[in-house]
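Residue numbers (the numbering used here): 102 to 240. The C-beta atom is built at its ideal place from N, Cα and C for all residues, glycine as well. A short write-up of the structure that comes next.
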C-alpha cells in the first residue's frame, strides 16, 4: 500500500478517562467510560468514535460501489454503525452492526450494494476476521 494520507490523534490523561485530540484539532474531546461499563459517562468514548468513523467510511464505500454500478443512492440514505463491547476469553472485544437505509431502492439491490460496500470499505477490510460484523439493508 502506498499511503496517501495519515490521520493522527493523541490520547492523554488515562485512556478511557482522559482526552483525545487529532493533530489538526478537529477532534478535541474528553473521553469517559460509559455508565454501562461502570464509568460516569458525560463524554465520548472509543466505541462512539469508532462507530462514527466506521459509519462515515462505509457510507463512502456504499456510494462508491453504487456509482460504479450506475445505481443512484438517494440523498436521504443513511448508514448507522453500532459498536458493542463486552468481555471475551482474555479481556474485552468489540462487534459492529451496520445498518444502511436506502429508501426507494428494492431490497435485492440494497442488499447487494451493502455487501459490495463491505468488501471495499477500508474499515470492513481492517476488521474482517477480527470482529463480528452484522450487515442490514433497509429500504
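- In this structure, the alpha-carbon of residue 216 lies about 17 Å from that of residue 183.
- The three-state reading of DSSP puts residue 184 in strand, counting E and B together.
- The beta carbon of residue 180 sits closer than 6 Å to those of 156, 159, 160 and 201, all from its chain and outside the five residues before and after it, given in chain order.
- Taking all protein chains in view, the Cβ of residue 231 is surrounded by fewer than 16 other Cβ atoms within 10 Å, so the residue is classified as exposed.
- Counting other Cβ atoms within 10 Å of its Cβ, residue 224 reaches 16 or more and is therefore classed as buried.
- Within the segment 154-230, the complete beta strand (DSSP E) segments of 3 residues or longer fall at 179-188 and 193-202, listed in chain order.
- Between residue 178 and residue 113, the alpha-carbon positions lie close to 36 Å from each other.
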